[in-house]
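So the sequence lines, in the order shown, correspond to chains A and Z. Under my numbering, residue 189 is the last one in the first sequence; the count climbs by one each step, no gaps. Under my numbering, residue 121 is the last one in the second sequence; the count climbs by one each step, no gaps. Even glycine gets a Cβ: it sits at the ideal position worked out from N, Cα and C. Structure first, then comments.
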Amino acid sequence: AQKVTQTQTSISVVEKTTVTMDCVYETRDSSYFLFWYKQTASGEIVFLIRQDSYKKENATVGHYSLNFQKPKSSIGLIITATQIEDSAVYFCAMENYNQGKLIFGQGTKLSIKP
Amino acid sequence: EAGVTQSPRYAVLQEGQAVSFWCDPISGHDTLYWYQQPRDQGPQLLVYFRDEAVIDNSQLPSDRFSAVRPKGTNSTLKIQSAKQGDTATYLCASSPGGDTQYFGPGTRLLVL
């Protein structure tokens, strides 16, 4: 069975600090892709960052980085120097190779306080 | 480069009514996806196309939902005889050759 689990329902941090969001996944496939998206208050879903399962190096884009622990089936999202505008719901998603569809977690609501 | 566009942005129906959602993917993206996102949940795939061909519609409630992409560009998702349980946001996404998916703004549907 393919499944993505985000156990943190909500997180609140002070601006300019670092936050980590957890995500674990289940798959029988040896090749897969992992994604993080954020959904803003307006409902827009924005692609943030991606990790391919065969890559050992953690992906980094701007102030987003990933903590990919393949033996634990875990893909954490790290946001450094958080800003108020980072407040959103963050979704972890998985796509098995050649299957096309994204399987999403339940989402983690991030609130950044001044 | 223009993103994925969808219309309408909102729809309110009575049970039993029909509604259609329209999606224009990013230019050059051959793969188009429709997702349903119930409130406070992650999106769930309904159907996806590569060009005009349906690749996976296994999660599409076939008795009331239908989706087409006749020329391999724009797509329409239709719900006939809507139910209150269909209340959700309907999201369209596109990708080039099955790569990273980019989402449109969604259509928020409320069925009374």
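Bridge-paired residues (DSSP) for residue i
{"i": "residue 188 of chain Z", "result": "This structure gives no information on residue 188 of chain Z, because the portion of chain Z shown stretches from 10 to 121."}
{"i": "residue 170 of chain A", "result": "A:108"}
{"i": "residue 46 of chain Z", "result": "Z:98"}
{"i": "residue 154 of chain A", "result": "A:94, A:139"}
{"i": "residue 117 of chain Z", "result": "Z:19, Z:98"}
{"i": "residue 125 of chain A", "result": "A:110"}
Under 8 Å between C-beta atoms of residue i and residue j
{"i": "residue 5 of chain Z", "j": "residue 56 of chain Z", "result": "Nothing about residue 5 of chain Z can be reported from this structure: the residues present for chain Z run from 10 to 121 only."}
{"i": "residue 123 of chain Z", "j": "residue 33 of chain Z", "result": "Look at the range of chain Z in this structure, 10 to 121, and you will see that residue 123 of chain Z is not part of it."}
{"i": "residue 176 of chain A", "j": "residue 54 of chain Z", "result": "yes"}
8 Å Cβ cut-off: residues of chain A touching residue i
{"i": "residue 64 of chain Z", "result": "175"}
{"i": "residue 57 of chain Z", "result": "175, 176"}
Cβ distance (whole Å) where residue i is taken to contact residue j below 8 Å
{"i": "residue 102 of chain Z", "j": "residue 112 of chain Z", "result": "5 Å"}
{"i": "residue 134 of chain A", "j": "residue 124 of chain A", "result": "5 Å"}
Cross-chain neighbours of residue i in chain A, by beta carbon under 7 Å
{"i": "residue 112 of chain Z", "result": "120"}
{"i": "residue 50 of chain Z", "result": "181"}
{"i": "residue 107 of chain Z", "result": "175"}
{"i": "residue 100 of chain Z", "result": "120"}
Within chain A, partners of residue i - CB distance below 9 Å
{"i": "residue 40 of chain Z", "result": "175"}
{"i": "residue 81 of chain Z", "result": "Within chain A, no residue comes near residue 81 of chain Z; the closest Cβ sits about 16 Å away, beyond 9 Å."}
Neighbouring residues, chain Z, relative to residue i (Cβ below 8 Å)
{"i": "residue 103 of chain A", "result": "Per Cβ cutoff of 8 Å: no residues; residue 103 of chain A is ~18 Å from chain Z at best."}
Where residue i meets chain Z, residues with beta-carbon distance less than 7 Å
{"i": "residue 166 of chain A", "result": "51"}
>> Counting beta carbon pairs with one atom in the stretch 149-166 of chain A and one in the stretch 91-101 of chain A, are three or more of them shorter than 8 Å?
In response: yes
>> Does the contact criterion of 3 or more C-beta pairs under 8 Å hold for the stretch 85-95 of chain Z versus the stretch 59-76 of chain Z?
In response: yes
> Is it a yes or a no for the stretch 24-33 of chain Z touching the stretch 106-115 of chain A, going by three-plus beta-carbon pairs under 8 Å?
Replying inline: no
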